[in-house]
């Protein structure tokens, strides 16, 4: 009997204490990795708060933020909870304070130097897109590899030869690139940008691009978006399996 008790004691000693479950974005606790979907919703909240500031509102509720963005109040509160406690129960949020907080979360409290590669129709339109500068994204240089375009002006910029990209990106301390080149050239351009020190890329080329770990990328394919609208119209009122039966 004594041997059995001794064995039990040793077994208890050998047991390792249970580790507390790691927090994840799924359980919604503060301090966890934040999903891309959450970040996109924060951008919507930021614009809602900008409009509230323009309307000289001082407070706003999670219900109102949610309603204006097609979301529930619970979703708004959950998204904000990743970054701390905001507002007071029954009183809502201070518009100024929450706007300032989300601005800092999204990195909009500082100015970012940006380069644009590809001066076709989309690239030219993006050069003239004033909201970039209004949000602190300053296009410092515009590149193209077409020798007939190099040296020409677009907006306030003189188009530079993409062959100079590495030196110019380093000199201008540019970390964000907007890519608007043809699909066949996109990956090679991105590889060169990453080598030059670019750490975030907004890709408008009609193809997904791949980057190494540590580089952020967003693929914006307008054809995919309009195809989603086409599906919404074509499938309205039907179950998925019924679509091909027509």
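Residue numbers (our numbering): 338 to 583.
Built from N, CA and C at the ideal position, the CB exists for glycine as well.
Per DSSP, which residues does residue i bridge with? Please list them.
i	result
residue 434	Per DSSP, none; premise fails for residue 434.
residue 305	The structure shown does not extend to residue 305, since the chain spans only 338 to 583, so no value can be given for it.
residue 514	452, 538
residue 498	481
residue 396	431
residue 491	494
Using only CA atoms, which one of the options lies nearest to residue i?
i	options	result
residue 437	552, 385, 537	385
residue 513	521, 487, 454, 568	454
residue 504	554, 530, 557, 525	530
residue 434	549, 389, 510	389
residue 483	464, 493, 519, 492	519
residue 419	397, 528, 370	370
residue 508	478, 485, 527	478
residue 377	387, 459, 416	416
residue 460	387, 485, 539	539
residue 525	506, 548, 511	548
residue 550	528, 404, 506	528
residue 535	556, 557, 510	510
residue 373	555, 489, 494	555
residue 375	493, 406, 515	406
Within this structure, are the beta carbons of residue i and residue j separated by less than 7 Å?
i	j	result
residue 565	residue 541	no
residue 414	residue 391	no
residue 432	residue 394	yes
residue 456	residue 476	no
residue 382	residue 442	no
residue 546	residue 522	no
residue 560	residue 543	yes
residue 396	residue 427	no
residue 464	residue 491	yes
residue 553	residue 537	yes
residue 292	residue 480	Any property of residue 292 remains undetermined from this structure, which presents the chain solely from 338 to 583.
Does the ligand SAH have a heavy atom nearer than 6 Å to the CB of residue i?
i	result
residue 456	This structure does not include the ligand SAH; it has no bound ligands of any sort.
Would you give the residue range spanned by the beta strand (DSSP E) that residue i belongs to?
i	result
residue 480	474-481
residue 306	Outside the modelled stretch of the chain, which goes from 338 to 583, sits residue 306, for which no answer is possible.
residue 389	Unbroken run through residue 389 is the alpha helix (DSSP H), 373-391; no beta strand (DSSP E).
residue 554	553-556
At what residues does the alpha helix (DSSP H) containing residue i begin and finish?
i	result
residue 456	Segment: none, residue 456 is in no alpha helix (DSSP H) and carries neither H nor E.
residue 502	502-509
residue 550	From DSSP, residue 550 is part of no alpha helix (DSSP H); its letter is neither H nor E.
residue 487	Looking at the DSSP string, residue 487 is not in any alpha helix (DSSP H), and its letter there is neither H nor E.
Original post:
Touch check for the stretch 462-474 and the stretch 416-423: three-plus C-beta pairs under 8 Å?
Top reply: The answer is no - the stretch 416-423 does not touch the stretch 462-474, with fewer than three Cβ pairs under 8 Å.
Original post:
Are the stretch 564-582 and the stretch 485-505 touching, with three or more C-beta to C-beta distances below 8 Å?
Top reply: No, the stretch 564-582 is not in contact with the stretch 485-505.
Subject >> Segment contact, 8 Å Cβ cut-off, at least three pairs: the stretch 406-415 with the stretch 442-453 >> reply: No, the stretch 406-415 is not in contact with the stretch 442-453.
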